[in-house]
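Asks: Take the sequence shown: its letters are residues 1 to 810, numbered as in the working numbering. Before anything else, here's the structure in question.
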Amino acid sequence: MIRLFRKTLLLGLVFAFAALGAEAQNTNVNPATVNVNALSDKQIERIISEMEKNGMSLEEAMTLARARGASQMQIDQMTQRIREYKMKNQFGGNRNNALRDSSLFADEQTEELSMKKEFEATEKNKKIFGFHFFNSENLSFAPNVNVPVSDSYALGIGDEVNIAVYGASQQSYKLVVQKNGAIIIPDLGPINVYGMSFAKASEKIKSRLIAIYNGMKGNQPNTFADVSLGVLKGVKVNVIGEVNLPGTYALPATASVFNALYLAGGPNENGSFRVIDLIRDGKIINSVDVYEYLIDGKTQNNVQLRDQDVIMVRPYVNRIKVAGEFKRTGLFEAKDGELVADILRYAGGFTDKAYTHALDLYRNNTRTLSFVDVAADQYKEIELMNGDSIKAGAITERFENRISIAGAVYRPGDYQLLEGMKLSELIAKAEGLKEEAFMERGVITRKQKDLSLEAISFSPREVLNGKADVLLQREDRIQISSIFDLREARTVEIVGEVQFPGTYAWAEKMKIADLIFQAGGFLENAEVSSVEVSRVLDYNETQELTKSLLHTYQYGLDRNLKLDAEGEAFILNAFDKVYIRRAPGYRPQGTASVQGEVKYAGEYGITRKDEKISDVIRRAGGLTPEAYVKGASLRRRIELSDAEYQAKLAIAMQDTTMNAKAVEKVQYQIVGIDLPKIMKKPGCVEDLQILDGDQLMVPSKLQTVMVSGSVLNPVAHTFTDKKKAKKYIMASGGFAQRAKKGKVYVLYANGTTAATKGGLFGRRFPRIEPGCEIIVPEKPEVDKAANASKWLAFTSTLASLITAIAVATR
Numbered sequence: 001m002i003r004l005f006r007k008t009l010l011l012g013l014v015f016a017f018a019a020l021g022a023e024a025q026n027t028n029v030n031p032a033t034v035n036v037n038a039l040s041d042k043q044i045e046r047i048i049s050e051m052e053k054n055g056m057s058l059e060e061a062m063t064l065a066r067a068r069g070a071s072q073m074q075i076d077q078m079t080q081r082i083r084e085y086k087m088k089n090q091f092g093g094n095r096n097n098a099l100r101d102s103s104l105f106a107d108e109q110t111e112e113l114s115m116k117k118e119f120e121a122t123e124k125n126k127k128i129f130g131f132h133f134f135n136s137e138n139l140s141f142a143p144n145v146n147v148p149v150s151d152s153y154a155l156g157i158g159d160e161v162n163i164a165v166y167g168a169s170q171q172s173y174k175l176v177v178q179k180n181g182a183i184i185i186p187d188l189g190p191i192n193v194y195g196m197s198f199a200k201a202s203e204k205i206k207s208r209l210i211a212i213y214n215g216m217k218g219n220q221p222n223t224f225a226d227v228s229l230g231v232l233k234g235v236k237v238n239v240i241g242e243v244n245l246p247g248t249y250a251l252p253a254t255a256s257v258f259n260a261l262y263l264a265g266g267p268n269e270n271g272s273f274r275v276i277d278l279i280r281d282g283k284i285i286n287s288v289d290v291y292e293y294l295i296d297g298k299t300q301n302n303v304q305l306r307d308q309d310v311i312m313v314r315p316y317v318n319r320i321k322v323a324g325e326f327k328r329t330g331l332f333e334a335k336d337g338e339l340v341a342d343i344l345r346y347a348g349g350f351t352d353k354a355y356t357h358a359l360d361l362y363r364n365n366t367r368t369l370s371f372v373d374v375a376a377d378q379y380k381e382i383e384l385m386n387g388d389s390i391k392a393g394a395i396t397e398r399f400e401n402r403i404s405i406a407g408a409v410y411r412p413g414d415y416q417l418l419e420g421m422k423l424s425e426l427i428a429k430a431e432g433l434k435e436e437a438f439m440e441r442g443v444i445t446r447k448q449k450d451l452s453l454e455a456i457s458f459s460p461r462e463v464l465n466g467k468a469d470v471l472l473q474r475e476d477r478i479q480i481s482s483i484f485d486l487r488e489a490r491t492v493e494i495v496g497e498v499q500f501p502g503t504y505a506w507a508e509k510m511k512i513a514d515l516i517f518q519a520g521g522f523l524e525n526a527e528v529s530s531v532e533v534s535r536v537l538d539y540n541e542t543q544e545l546t547k548s549l550l551h552t553y554q555y556g557l558d559r560n561l562k563l564d565a566e567g568e569a570f571i572l573n574a575f576d577k578v579y580i581r582r583a584p585g586y587r588p589q590g591t592a593s594v595q596g597e598v599k600y601a602g603e604y605g606i607t608r609k610d611e612k613i614s615d616v617i618r619r620a621g622g623l624t625p626e627a628y629v630k631g632a633s634l635r636r637r638i639e640l641s642d643a644e645y646q647a648k649l650a651i652a653m654q655d656t657t658m659n660a661k662a663v664e665k666v667q668y669q670i671v672g673i674d675l676p677k678i679m680k681k682p683g684c685v686e687d688l689q690i691l692d693g694d695q696l697m698v699p700s701k702l703q704t705v706m707v708s709g710s711v712l713n714p715v716a717h718t719f720t721d722k723k724k725a726k727k728y729i730m731a732s733g734g735f736a737q738r739a740k741k742g743k744v745y746v747l748y749a750n751g752t753t754a755a756t757k758g759g760l761f762g763r764r765f766p767r768i769e770p771g772c773e774i775i776v777p778e779k780p781e782v783d784k785a786a787n788a789s790k791w792l793a794f795t796s797t798l799a800s801l802i803t804a805i806a807v808a809t810r
């Protein structure tokens, strides 16, 4: 009480200083007379400094000010001024002071918690049982700050304790555990709670509150108190030893040993999962065995951490390699004295395919290896040693009482072999033979003692009649075939002018009309008056070598699939082939197009086999006055057959001068025609026959001549009758330096070409017509250095030859 009285006097003096602006203390000044809004920032700083010096929170200071006579308005104004000053000056410097009003420090920047870092684990580390529990994307021991505090939580320095008094008396406190381990309740004094569990601290606080709240006493109290925790100060722990990421980690106050191990990546390849010590104040207070959690889910040793705790991961003592048919495999750790049965439990036991009667144990004897065959009754007797390797084998694919039947039975499959069981009983269990079963022979495949196979034949007919039977043995496999399994698949084939040509299943008494019906009937172009059937030679005919290969038969029928009497009586045999041919007069409908300067441009159906160019132009109404007859051209569609296309493609792939990608199945060729002569003499040699897909183009009168190639200025010129080819070339700037003057040629509008000719009187260039193109080729580039080398080698060889001849003729 003396200390509380001294603080009250001091707060009064602080207000007095602030009100009077004096440097000397004056305890007679009444705080109720202080104008808070008139205080300067320096005076507010002095008030905060005095409160921090005496370890007082803002709520404690305001409570004392109210007791000294300050009004609620003054308290609200002072609280607001202090908050504004602290926000402006980043809380006045020391942020770990004892002034802990939760509303004032709601935006205070708390210390950032540690995050788990990535690291590159070794392959050996990944094989250790327990590694993935601390380094898995799906399983995380990451600490959670948003969890309720348990009653066992131990209070630490900086933790916030909230007290709510309700009932006949009402009051609330927000207190912070000071560095001396105590909280200070106004009018009551300090209560030491550091290190105490939350449950015990709560009881202690309530028992002390009775001193100032009489209503909490007795069997029928009218005043009650509730104690809770607010903001909890985090802890820093050191994780050292054989861990993947040793270091100091900042964790929430509720963090446990596993939380710290998670951040440290768990034990490394040399670390122990069985002996992890928690050191506090220099003493080992707990030893954690991770296997107890991973195997049995026990968490009693996963205790809460405190600030400056040390987690020491020691090296492993015994490491065991587990392989084979276990549910878990890898590297496991065993404590001294643990048995083979313990490691089996850690490995999750055997798989469903394991041989459980014995284990293979390979042991390191420091110099050599030894092998121990561990029987099942020794699992709880043999102790494990460091470096042991345990392997569980798989059961063999060997059945003690299995037999199987396949083929022409109603229920093929595996069956249990009973003692004294015979073949007839197995057939009965398989619900008997199918109607198509081959009754003359079946085969039993049996394993002998040396595992070699033996074939035992039987007659299904005699077995069913009781004349013969076979005693079955383990792993017997019985095969009873169908009559259809023992002969070639019987089919008939139809080709030619039907909707669905192809191969069909043969049936007894099948007729020609039946097969045509299955094939969808005739196409419109089918010739039905002569249907041919080819038949292979029968078995007896093939016994002798003759020139005959097939028998052929011809029958007539109508489109309603009615045959004459002889054809109706003809029955198809298996492997017969029926041919439906195309009518001789049928041709697919073809079209040709006429475009350009004709009266009625468009597409025209080809009416006759011998229809010619002149006939189509006549049907198109003839040429218009604007037609340039000499420039007419014919573009013909060429479609390669599959064989031609494949052959051309193969040649292009082998010939480096050809491009395989340019080979197309459908191509178009420009056919040079002489339309003036055709129109003058219809039916002449130049009047070509029109084919399906032909495109006849009659251009309008052309007025230009194009000059291209190796000239100085390739350009189109206006056509005049007086200009020759050379003048057009000169009008384009003349020949370029590398032009091949003697190889100039002209491409005419109708697709034909004419080349330059030489003579006694110089070159004669082709005639020029409207729409043509004069092309000047270019000489290839010559490597002069290579030519010089060739000539030098030639002259050297020639000189040597002359010298040799001269010597020889002396």
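Glycine included, every Cβ here is placed at the ideal spot set by N, Cα and C.
Would Leu634 pass as a contact of Ile673 if the rule is Cβ separation under 7 Å?
Replies: Going by C-beta atoms, Leu634 is nearer than 7 Å to Ile673.
Asks: Restricting to runs no shorter than 3 residues, where is the beta strand (DSSP E) found entirely within the segment 512-586?
Replies: Whole beta strand (DSSP E) segments, 3+ residues: 531-536, 550-555, 577-580.
Asks: Does DSSP put Pro186 in a helix, a strand or coil?
Replies: Three-state DSSP puts Pro186 in coil, outside helix and strand.
Asks: Residue ranges of each beta strand (DSSP E) run of no fewer than 3 residues wholly in the segment 626-686, ordered along the chain?
Replies: Listed in chain order, the complete beta strand (DSSP E) runs (minimum 3 residues) inside the segment 626-686 are 633-639, 666-672.
Asks: Using a threshold of 7 Å, state whether the C-beta atoms of Glu524 and Arg582 are closer than that.
Replies: Going by C-beta atoms, Glu524 is not nearer than 7 Å to Arg582.
Asks: Expressed to the nearest angstrom, what Euclidean distance is found between the alpha-carbon atoms of Ser482 and Gly393?
Replies: Looking at the two C-alpha atoms, the distance is approximately 42 Å.
Asks: Am I right that Pro699 and Ala749 are in contact with their C-beta atoms under 8 Å? What's the rounded C-beta distance?
Replies: Correct: roughly 6 Å between the Cβ atoms.
Asks: What is the rounded straight-line gap between the Cα of Lys731 and the Cα of Met658?
Replies: Here residue 731 is Ala; the residue named in the question, Lys, does not match the sequence. One C-alpha to the other measures close to 37 Å.
Asks: Tell me whether the beta-carbon of Thr753 lies closer than 7 Å to the beta-carbon of Phe765.
Replies: Not a contact, by the Cβ cut-off of 7 Å.
Asks: As a quick exercise: from Met51, Met73, Met56, Arg66, pick the residue whose alpha carbon is nearest that of Val36.
Replies: Residue Met73 is the option with its Cα nearest to Val36.
Asks: Can you confirm whether the segment 603-611 touches the segment 561-568 when touching is taken to mean that 3 or more C-beta pairs between the two stretches lie within less than 8 Å?
Replies: Short answer: they don't touch.
Asks: Go ahead and label Pro770 buried or exposed: buried means 16 or more other beta carbons lie within 10 angstroms of its beta carbon, across all protein chains shown.
Replies: Buried is the call here.
Asks: Buried or exposed: which applies to Pro625, given that a residue is buried once 16 or more other Cβ atoms fall within 10 Å of its Cβ?
Replies: Pro625 comes out exposed.
Asks: Taking the DSSP output, what are the residues bridged to Asp373?
Replies: Asp373 is bridged to Asp360.
Asks: Would you kindly check if the distance between the Cβ of Arg535 and the Cβ of Asn811 is under 7 Å?
Replies: Nothing about residue 811 can be read from this structure; the chain reaches only from 1 to 810.
Asks: Between the alpha carbons of Val310 and Lys179, how many angstroms are there, rounded?
Replies: Taking the straight line joining both Cα atoms gives about 21 Å.
Asks: For the alpha helix (DSSP H) containing Pro460, list its first residue and its last residue.
Replies: Where Pro460 is concerned, the enclosing alpha helix (DSSP H) stretches over 460-465.
Asks: Who are the Cβ neighbours of Asn270 in its own chain at under 8 Å, not counting the five residues just before and after it?
Replies: Within the same chain, Asn270 has close Cβ partners Glu242, Pro315, Tyr316.
Asks: Just the Cα atoms here: how many angstroms apart are Val594 and Val616?
Replies: Answer to the nearest angstrom: the Cα atoms are 8 Å apart.
Asks: Starting from the Cα of Tyr355, find the closest Cα among Ile185, Asn259, Lys327 and give me that residue.
Replies: Closest by alpha carbon: Lys327.
Asks: Out of Ala38, Thr720, Arg474, which one is the CA nearest neighbour of Met78?
Replies: Of Ala38, Thr720, Arg474, the residue nearest in Cα terms is Ala38.
Asks: Is there contact here, the segment 417-435 with the segment 463-475, by at least three beta-carbon pairs under 8 Å?
Replies: Yes, the segment 417-435 touches the segment 463-475.
Asks: Are there 16 or more other CB atoms within 10 angstroms of the CB of Phe371, so buried, or fewer, so exposed?
Replies: By the 10 Å Cβ count, Phe371 comes out exposed.
Asks: With a 10 Å radius around its C-beta and 16 neighbouring C-beta atoms as the bar for buried, classify Pro186 as buried or exposed.
Replies: By the neighbour-count rule (16 or more Cβ atoms within 10 Å), Pro186 is buried.
Asks: Return yes when the Cβ of Leu229 is within less than 7 Å of the Cβ of Val149, no when it is not.
Replies: The answer is yes: Cβ separation under 7 Å.
Asks: Looking at the unbroken alpha helix (DSSP H) that takes in Leu344, where does it start and where does it end?
Replies: Unbroken alpha helix (DSSP H) run through Leu344: 340-346.
Asks: When you compare the CB positions of Tyr410 and Glu381, do they come within less than 7 Å of one another, or not?
Replies: Not closer than 7 Å, so no.
Asks: Please identify the residue among Phe131, Gly330, Gln703, Val495 whose C-alpha is closest to the C-alpha of Val578.
Replies: Of the candidates Phe131, Gly330, Gln703, Val495, the one whose C-alpha sits nearest the C-alpha of Val578 is Val495.
Asks: Taking Glu781 as the reference, give the member of Ala739, Glu400, Pro676 with the closest Cα.
Replies: Glu781 has its Cα closest to that of Ala739, out of Ala739, Glu400, Pro676.
Asks: Taking just the CA atoms, how far does Asp687 sit from Glu773?
Replies: Roughly 25 Å between the two C-alpha positions.
Asks: Rounded to the nearest angstrom, what separates Ile638 and Gln669 at their Cα positions?
Replies: Approximately 7 Å, taken between the alpha carbons.
Asks: Between Thr396, Tyr346, Val705, which lies nearest to Asp813 when the distance is taken from Cα to Cα?
Replies: With the chain covering 1 to 810 only, the question about residue 813 has no answer from this structure.
Asks: Since Gly266 and Phe134 are thought to touch, with beta carbons under 8 Å apart, how far apart are those beta carbons, to the nearest angstrom?
Replies: 3 Å between Cβ atoms; contact.
Asks: Mind checking Leu801: buried by the 16 CB within 10 Å criterion, or exposed?
Replies: Under this definition Leu801 is an exposed residue.
Asks: Report the rounded CA-to-CA distance for Gln473 versus Arg446, giving the unit in angstroms.
Replies: Distance between the alpha carbons of Gln473 and Arg446 is about 8 Å.
Asks: Just mark Asn465 as buried or exposed, buried being the case when its beta carbon has 16 or more other beta carbons within 10 Å.
Replies: It counts as exposed.
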